[in-house]
Structure formats: structure tokens, C-alpha cells
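For reference, the structure is listed below as C-alpha cells.
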Amino acid sequence: PDVSAAVAQWPWRGGLEPSGERPVAPLPASAIEGTIPPELTGTFYRVGPGRVRVGKDRYAHWFDGDGFISAVELDGATNSARAGARMVRTDRVVKQEKAGGDNAGIAVRGAWTQANSIFANLANFPTNPANTSPLFHAGKLLVLCEGGCPIEVDPKTLETKGPCVFGPDLPMGFSAHAKKDPSDGALYTWGLAQPPAIGLKVAKISAGGAVQKVVTLPLQSMEMVLVHDCAMSQDHLVFMIPPWKLAPGNMAGALAGTSSFGHAFDWQEGVGAWLVVMRKSDLSVVHAKEIPSMSTYHFAGAYEADGKLHILSNRLIGTRRDLEKN
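Written as C-alpha cells, this is what we have:
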């Protein structure tokens, strides 16, 4: 009753409540107004957090929300539609259910959220919520998040098939916004290096799913950083890394599990951002240099013209201290 009253008062709060699952099924004719253009025939997939609390225990950040995939299938030939939505059944969702579900409190550790039991945090790396974006690659529908490897989902039923590992040498994490080259189908991804190494790796995966190359992304120091997105042009990948870092002094607690990873990151005043430009052909580094301090986590794209590389970055301007708190 208290949740219903809160949503009734402020409807936007309903978007933060656990989502209900719906098997993929035809929609009634009354749900369609007018005629579906033939050009829209196909399926539209979306991924996002499906719940940000377990019972009465809320996650410390909605970035830890458990993944939820929805699909809307349009058929212009028959003027019909199908739709459905399912939770992505990650290992963390299964562990939560085995621990007692909504009545168990938070049973597994997230990037920002500590489990209720200290023993579930100690020496355990944050779990993968699989909650950011969908991608088709090598004939598979994948749900992406930098918290772990992609999760394969059935494109027709949205049932979870399980983790998809393209090769043993890939980064521990898989980018939430991996870039697929429209010209040859190659996929570029990046993420934290496999322990005990510290740093970031960039990988190139063929259209068929074969790992072609994995290299180290050059950084300013051995500190952990967050690289959520990159810009891709015809021939290059561009990484802009803001000075939002997990300093060595905070790393021990985060790795041991005594503090959360997300809250261990700090904005480093007076430190510039870091720019890395790589060739897509062989992942060699063209530029690696410090640029004026800025905060950016998404890109609108990149292109090459008149012998220059142009980058469209969503740059946040202004004081960072309050904005970067979490």
C-alpha cells in the first residue's frame, strides 16, 4: 500500500519499481491504431534495470538494477504486433532466488551495492546485472553490461540462454556499448583486464565471433578507470577517459569486499582527461595524451573528413565534485 500511494502521488516513481514479466505474445487488434508502415517491420529490443530493490531493500544505485529485456515485433504485411518482456536470468538473479528471494535481503554484491551479509562481499567481485543494451552479433541476441560477459537471450521468447564467452583472452568485463562496424561486421569491445592484472583491454571480434586481437589500452597510471563508451569512425576508435578513478588507496577495500567499488571512485581535481586513438585495423595506438579535464561517458559518433578525425562527444561542463558524487 505504501508503494502504491507513493506512485500515485509521483507517477515517475513507478519507473523505479520492479517490472512485471510478460511472455511474448500477439497484441490485440485494438492495440494498433492505423496501419503499420512496411518499413517498420521487424523487432525492437530494449534493455534496462527491471528492479532496483529486493523486497524492501533498495540497491545503492540504479546502475545495479537487475537486467530486464523487452521486445516489440511489428508486421506491416498483416498489420499485427507482438510484445513481451522478461527479466534477464543472470547468475546473480539465480543466487538471489536460492537465498530466499525478496525475503532474503540483498544476497549478492553489486558494483555500488553491498550484500547484507559481509561474507557475501568478502573476496567476491561485483556481479553482472546485464542491464544496459541489446546487441546482435554472430547470430546471437546479447545483453551487454560492463559488469561481465554478454548474456545470450532467445530473440523470439526472450528466455535467457546463459553467458556468451567468445574467447579465453577477452577482458573480464564486456563493454555496455560495444561498437559493431557496419562495413565488415567486426565488433570492438573493452573492459577490465583479467585479475591479477590491473588495467583495461580492447578486443576485436570477427563477424562470426572469433577473437582476432586483444591489446592493452594505454593509461596514465595503474589506477582503475571507468570507460563506458567510445567513439568509432571509419578507421579509428576514440577513448576519452575522465579523471574519475579508483585510487590505489581505495582499491584494497574494494577488492577485498569491505567497501563498494562504485563508491571507492573519486573525481581527481587538477588532473586532465586521457585521450586514446586506436586504428581499427590492428588496434595499434595512434595517439595517447592528456587533454583538458572534462567528464564524458557517451558519444554521438565520429567521422573522418578532410584528413581530420572529428569526434562528437557529450561533454559535461561545469564543476564536477557534486555531479560525480554517487
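Offset between the sequence shown (1-based) and the numbering used here: plus 2. From the three backbone atoms N, C-alpha and C, an ideal C-beta is built for every residue, glycine too.
With respect to the alpha helix (DSSP H) encompassing residue i, which residues constitute its N-terminal and C-terminal limits?
| i | result |
| --- | --- |
| residue 101 | 93-101 |
Hey, quick one: how far does the beta strand (DSSP E) through residue i stretch, first residue to last?
| i | result |
| --- | --- |
| residue 156 | It is not in any beta strand (DSSP E) - residue 156 carries neither H nor E in the DSSP assignment. |
| residue 7 | First-last for residue 7: 4-11, but that is the alpha helix (DSSP H), not the beta strand (DSSP E). |
| residue 276 | 275-281 |
| residue 45 | 44-53 |
| residue 76 | 68-77 |
| residue 109 | Residue 109 -> no beta strand (DSSP E), and no H or E assigned at all. |
| residue 163 | 162-165 |
| residue 88 | 82-89 |
| residue 127 | Here residue 127 belongs to no beta strand (DSSP E), and DSSP marks it neither H nor E. |
| residue 135 | 135-139 |
| residue 289 | 287-293 |
| residue 24 | 24-28 |
| residue 142 | 142-146 |
| residue 305 | 301-307 |
| residue 312 | 310-315 |
Is residue i near residue j, with beta carbons less than 7 Å apart?
| i | j | result |
| --- | --- | --- |
| residue 4 | residue 57 | no |
| residue 274 | residue 294 | yes |
| residue 213 | residue 169 | yes |
| residue 38 | residue 76 | yes |
| residue 71 | residue 145 | yes |
| residue 285 | residue 215 | yes |
| residue 114 | residue 62 | yes |
| residue 298 | residue 315 | yes |
| residue 346 | residue 73 | Because the chain here runs from 3 to 328, residue 346 falls outside it and cannot be looked at. |
| residue 140 | residue 211 | yes |
| residue 78 | residue 40 | yes |
| residue 278 | residue 238 | no |
| residue 43 | residue 90 | no |
| residue 21 | residue 52 | yes |
| residue 267 | residue 246 | yes |
| residue 307 | residue 313 | no |
| residue 249 | residue 271 | no |
| residue 276 | residue 222 | yes |
| residue 296 | residue 281 | no |
As a quick exercise: from the options, pick the residue whose alpha carbon is nearest that of residue i.
| i | options | result |
| --- | --- | --- |
| residue 36 | 72, 21, 83 and 69 | 83 |
| residue 50 | 24, 28 and 87 | 87 |
| residue 121 | 246, 160, 259 and 94 | 259 |
| residue 172 | 218, 89 and 99 | 218 |
| residue 93 | 68, 63, 220 and 264 | 68 |
| residue 291 | 220, 19, 9 and 98 | 220 |
| residue 117 | 60, 185 and 165 | 60 |
| residue 302 | 163, 222, 241 and 247 | 241 |
| residue 32 | 311, 184 and 81 | 81 |
| residue 124 | 16, 261, 287 and 97 | 261 |
| residue 30 | 164, 85 and 97 | 85 |
| residue 187 | 236, 197 and 174 | 236 |
| residue 165 | 106, 143 and 158 | 143 |
| residue 15 | 228, 24 and 54 | 54 |
| residue 202 | 97, 227 and 184 | 227 |
| residue 45 | 174, 95 and 158 | 158 |
| residue 404 | 197, 97 and 26 | Because the chain in this structure spans residues 3 to 328, residue 404 falls outside the shown range and cannot be described. |
Is residue i near the ligand MG, judged by its Cβ being under 6 Å from some heavy atom?
| i | result |
| --- | --- |
| residue 143 | Absence of the ligand MG from the depicted structure is noted, as is the absence of any ligand whatsoever, leaving it without description. |
Return the chain-ordered ranges of every beta strand (DSSP E) run that is complete within the stretch 175-263 and spans a minimum of 3 residues. 189-194, 202-207, 213-218, 238-243 and 246-248
Count the CB pairs spanning the stretch 226-241 and the stretch 188-205 that are closer than 8 Å, and state whether there are at least three. yes
The stretch 126-144 contacting the stretch 105-113, beta-carbon criterion three pairs below 8 Å: yes
Is the stretch 198-213 touching the stretch 153-164 in the sense that three or more CB pairs, one from each, lie closer than 8 Å? no
How do the stretch 130-142 and the stretch 177-189 stand: do at least 3 beta-carbon pairs fall below 8 Å, yes or no? yes
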